[in-house]
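Numbering (my numbering), first residue to last: 3 to 426.
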């Protein structure tokens, strides 16, 4: 009998995604695994149990997790779930460990080998495993769709016998993966798009998508990117100049989408209440960082707020989950690609190589200990019930490069970035 992979139904009511697809069920079986999918796990992603069964999976119940050698999830396991896992099981998910030391300690105490997919290094061989990029790409797309739904006018310019409808003006703040997709989607819908980022390298990418790049392009700006492609923290003087330019620009915009996050810290404030107040009635702001405190003053997680001057601030939770069917297909492929590296092809069994750069970058707990250097002290924290899991984690990151350099690869495996930039 081969080893077992278990895929549970996510317990959080705000999480419709699932960690496997019918395609990856077949691939997992090809690796020698017996695949058990909890009944109803794919409902939120429009994948009925019958499709999993046709692909070769057994349809089980939550208690089947106790026999699993590998558990694939979207979110970090809850205390109740941890109690149902066997010692030594490999659990792979988006663990959201920053600020959740008690939850990390709980995973160590449970004796599982936990892998945090959002820590996947940005190296060539790991691109297919990059959950941040796959999910942020969809978040950028959905942000524009949500903005268009709230905006009570047409986005493209329309010339008719009755007159001309002007094109909507959209401003994207943060040009990571989400920002680039937001630019592309807004352009496809006919909006006139501008974008800003503190990294000079993204200017060409913005322009290649047909958008205009907005930034204070002084000497400090030209040196604002690290060797790894991440954003440096800018001086107070530069921030003031950029804020003034942004404030003037936002007042003329119909749609603003913000994407900036800092791993392990609250999201930076990019749009002040005064900027919101300067916008026209009916304008829409979509804050993709709302679950981390938000980039926009006045944004509220899980709500669409209408200000006194008629501006809508959209703060939807779990934006990739709003396109769950697509998000699950990509996420499932990310997880399969990573799990495949942990399997011995000859014996068709789990064989974790703890000296592998992917394992070292993503492993949080192992053999009862917290092993990730960023969270080594987590198992010393007092044991408490973890707080409610945030709806999604999409740590901010630089836009992908066509040919990553080896020097950048090595740097990216050490620890996640801690500077502000566009979402993934």
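Cβ atoms here follow ideal geometry from the backbone N, Cα and C, with glycine treated the same way.
Element boundaries [beta strand (DSSP E), containing residue i]
i, result
"residue 197", "194-198"
"residue 159", "That residue, residue 159, is in no beta strand (DSSP E); it is neither H nor E in DSSP."
"residue 343", "Segment 326-343 is the alpha helix (DSSP H) holding residue 343; no beta strand (DSSP E) there."
"residue 175", "171-175"
"residue 74", "72-77"
"residue 289", "286-289"
"residue 274", "Taken as a continuous stretch (DSSP letters only), residue 274 belongs to no beta strand (DSSP E), as it is neither H nor E."
"residue 94", "92-96"
Terminal residues of the alpha helix (DSSP H) in which residue i lies
i, result
"residue 40", "Run containing residue 40: none in the alpha helix (DSSP H); it sits in the beta strand (DSSP E), 36-40."
"residue 238", "238-252"
"residue 49", "Premise fails: residue 49 is in no alpha helix (DSSP H) and is neither H nor E."
"residue 20", "Looking at the DSSP string, residue 20 is not in any alpha helix (DSSP H), and its letter there is neither H nor E."
"residue 187", "179-190"
"residue 203", "Residue 203 -> no alpha helix (DSSP H), and no H or E assigned at all."
"residue 360", "359-364"
"residue 135", "133-152"
"residue 81", "81-85"
"residue 108", "103-111"
Of the listed residues the options, nearest to residue i (C-alpha basis)
i, options, result
"residue 34", "262, 352, 214 and 183", "352"
"residue 100", "177, 264 and 111", "264"
"residue 141", "349, 289, 163 and 342", "289"
"residue 75", "21, 123, 38 and 117", "21"
"residue 197", "371, 175, 180 and 40", "175"
"residue 215", "177, 277, 246 and 379", "177"
"residue 31", "368, 372 and 338", "338"
Through-space distance from residue j to residue i, alpha-carbon basis
i, j, result
"residue 267", "residue 161", "47 Å"
"residue 107", "residue 308", "41 Å"
"residue 154", "residue 281", "15 Å"
"residue 146", "residue 259", "8 Å"
"residue 397", "residue 15", "For residue 397, the predicted structure reports a pLDDT of 39, less than 50, and the residue's modelled location is therefore unreliable. A value from the coordinates is still provided. Between residue 397 and residue 15, the C-alpha separation is close to 22 Å."
"residue 287", "residue 336", "31 Å"
"residue 209", "residue 185", "10 Å"
"residue 103", "residue 360", "22 Å"
"residue 417", "residue 340", "Unreliable positioning characterises residue 417 in this predicted model, as indicated by a pLDDT of 44, which lies under 50. The coordinate reading is nonetheless provided below. The alpha-carbon atoms of residue 417 and residue 340 are separated by roughly 18 Å."
"residue 9", "residue 239", "50 Å"
"residue 97", "residue 168", "45 Å"
"residue 363", "residue 192", "41 Å"
"residue 406", "residue 121", "For residue 406, the predicted structure reports a pLDDT of 42, less than 50, and the residue's modelled location is therefore unreliable. A value from the coordinates is still provided. Cα-Cα distance, rounded: 17 Å."
"residue 163", "residue 39", "57 Å"
"residue 252", "residue 370", "51 Å"
Neighbourhood of residue i by C-beta distance below 6 Å, restricted to the same chain and skipping five residues each side
i, result
"residue 255", "171 and 173"
"residue 302", "317"
"residue 72", "7 and 92"
"residue 332", "136"
"residue 183", "139, 142 and 143"
"residue 132", "122"
"residue 194", "169 and 171"
Neighbourhood of residue i by C-beta distance below 7 Å, restricted to the same chain and skipping five residues each side
i, result
"residue 269", "262, 263, 291, 294, 295, 296 and 297"
"residue 390", "Residue placement at residue 390 is poorly supported in this model, since its pLDDT is 39, which falls under 50; the coordinates are not used for a value here."
"residue 374", "365 and 366"
"residue 4", "34, 35, 36 and 350"
"residue 342", "33"
"residue 404", "With a pLDDT of 42 at residue 404, under the threshold of 50, the modelled position of that residue is not reliable, and no figure is offered here."
Residues of its chain near residue i, where Cβ-Cβ distance is below 8 Å and the 5 sequence neighbours each way are ignored
i, result
"residue 42", "11 and 51"
"residue 70", "6, 7, 8, 38, 87, 88 and 91"
Residue i beta carbon near the ligand ATP (any heavy atom closer than 6 Å)
i, result
"residue 209", "Because no ligand of any kind appears in the structure shown, any question about the ligand ATP cannot be addressed here."
Under 8 Å: do the segment 44-56 and the segment 66-81 share three or more Cβ pairs, one atom per stretch? These segments do not touch.
Tell me whether the segment 37-46 and the segment 338-354 touch, counting them as touching only if at least three CB pairs, one residue from each stretch, are closer than 8 Å. Output reads no: the segment 338-354 does not touch the segment 37-46.
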